[in-house]
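For the sequence shown, the residue numbers in our numbering are 322 to 744. The next block holds one structure in the form of structure tokens; read it before the comments.
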Amino acid sequence: MRRAALAAWLLLPLASCRSAAHELTAGPGGRDAPRAFVEALADRFGPIDRDPAYDALRRKLNRMSFAPSRGFDDPAAWTAKGPGWREVDLVGRGAGGAYRIGVRAAAPRPSSPGSYWNRIRLQRLGAGRYEWTVSEELAVGPVAPSALALALDVVFRAAERMESRDSRSAVAAGFPRTASTLGLLLRLDTLALERDARGSTYVRLGVRVTPAGIKDFAPRGAAYIEKYAGPLTLQGALVDAQGATWWTIEAADRLWTLRLRIRDGSLVPLAGASDRRLPARLRAVGDISTRMGRFGVGAKGVTADVSLTRTGDEKGISARLRREPDWKLPFLVETLLDSPLAYPFEDAGTQVDWAVRATDRGTILTGLYRTRVRETWLLRWLGGLMGNAIDEFRAGAEQEVDRYLRDCLLALRDDVTALAAAP
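Shown next, in the form of structure tokens:
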């Protein structure tokens, strides 16, 4: 009886992984849907063959991020323009065994899995004032947004039935290829499950970033991650209008820790009653700091108003940042930059939207980013710090990291495909 019970506990997580994979097969795409979904991600976020025009544009956009006037009137940077605005379109698709992104005027929206569309718009609002708007879409095939949500529910329900001592083996059993490949860089440090008297389960997930694990095949990528991820510290939480906290996240010494609480396959508040469900409007708050070169930089009291979309055809999150945080910047810089750094948070503020949406072109992952810039020479200097970090990444680490990310996603594809095919 003991052996039978132990076998049942070990098989339960694997059966739950299979159930989650089966949810992804719902709809006209069937068993091919999850495979197409992950392959689209692997193609887009793996190594990219960039057209020369796009390579040149990337360098210009990097210099223009905090100083748009540097390229606003550059005719080679844009595919469309009008009074006070400029636009450039990008397209991406797999071809000849490689994934290519290039500049194209009036680019078509994506439809085949893995095809990509990106529009960058720069509008001049006044003297030294600009607004960036970036829209992007990635076609991911026939997997339904509702199926993705149901798969997550299945994973949560599995966690509620699992014991902490079995959690690591469950991950390895359900996703052996992913655990082996991704585990080189992201080591599962903690996966603790604790039940309470209200019938809910507390989850503490700790993942440690280990750049040394990819050093043999991605030395420049490992060095870059070590340099910039090592000093990063973060404290964040998601709260609602009643003051309840729904999850927290912390990062320090390369250890990222997520805390949440679940019941009946859904998130519930970390404390108090467990019969509430996640509301559609919340607030994300947090502090973040790191080092860039010789300087410590960061922000305290970062606040975003968050809205959730949870319809059958769309699952999405929208964040609006309308409050200037307390900046941590090099000596005297914050005082001199006060007005320019407040500008992105005025009026409509800075916007970040992500969604997965069912359309007549199939399921599309969408992103929308909008922010304002007020130019000063000091803001150009601050932008230069960030630009240098981006240039450093692109100089050698980018290709290695992209190749590794593709390997991780292809491992996930194979695991999900195997689970979906299993009875």
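Positions of the beta carbon are idealized from the N, C-alpha and C atoms, including for glycine.
Per DSSP, cross-strand counterpart(s) of residue i
i	result
K649	G619
R584	S587
R489	Answer is none; R489 lacks a bridge partner.
G449	DSSP, once it has assigned bridges, lists no residue as partnering G449.
K536	Answer is none; K536 lacks a bridge partner.
T522	R516 and I583
R612	G617
W567	None; W567 has no bridge partner.
S456	R440 and L689
T511	G527
Backbone secondary structure at residue i - three-state DSSP
i	result
K381	helix
V464	coil
A562	coil
L740	helix
S501	helix
R644	coil
A326	With a pLDDT of 37 at A326, under the threshold of 50, the modelled position of that residue is not reliable, and the figure given next carries that caveat. Looking at A326 - three-state DSSP - the assignment turns out to be helix.
V478	Checking the displayed sequence, the identity of residue 478 turns out to be Arg instead of Val. R478 falls in the helix class under three-state DSSP.
E484	coil
K548	helix
L599	coil
R734	helix
L331	Low per-residue confidence applies at L331: pLDDT is 35, beneath 50, and the placement is therefore not dependable, though the value from the model is reported in the following sentence. Looking at L331 - three-state DSSP - the assignment turns out to be helix.
V494	The question names Val, yet the displayed sequence has Ala at residue 494. Reduced to three states, the DSSP call for A494 is helix.
D574	coil
Close beta carbons around residue i, own chain, < 6 Å, minus the five adjacent residues each side
i	result
G622	P646 and D647
D728	T502
A325	In this predicted model, A325 has a pLDDT of only 36, less than 50, meaning its place in the structure is not dependable; the value taken from the coordinates is given anyway. Excluding sequence neighbours, A325 sits near nothing in its chain.
F366	L726
R693	E452, Y664 and P665
T454	R442 and R691
T624	V606 and R644
D474	G586
S436	R414 and A460
L362	L730
Proximity below 7 Å, CB of residue i to CB of residue j
i	j	result
L514	T502	no
R391	M385	yes
S628	R602	yes
P429	A460	no
D364	G415	yes
P730	V359	Pro is not the amino acid found at residue 730; the sequence shown has Leu there. Going by C-beta atoms, L730 is nearer than 7 Å to V359.
R498	D723	no
L555	A543	no
R356	I422	no
G557	G607	yes
T400	V412	no
T569	G527	no
F387	G614	no
L591	R582	yes
L642	T611	no
L588	W567	yes
G534	L506	yes
Cβ-based neighbour list, residue i, same chain, cut-off 7 Å, excluding 5 preceding and 5 following
i	result
A742	R352
S432	A460, R682 and G683
D634	P466, R678 and A679
Cβ-based neighbour list, residue i, same chain, cut-off 8 Å, excluding 5 preceding and 5 following
i	result
R489	L509 and L512
Exercise. For the region 662-732, list the beta strand (DSSP E) runs that are entirely contained and at least 3 residues long, ordered along the chain.
Key: Counting only runs of 3 or more, we get 671-680 and 683-695.
Practice problem: Taking only runs that begin and end inside the region 357-421, name each unbroken beta strand (DSSP E) of 3 or more residues, in chain order. | Solution: Taking 3 residues as the minimum length, the beta strand (DSSP E) runs contained wholly in the region 357-421 are 401-403 and 406-416, in order along the chain.
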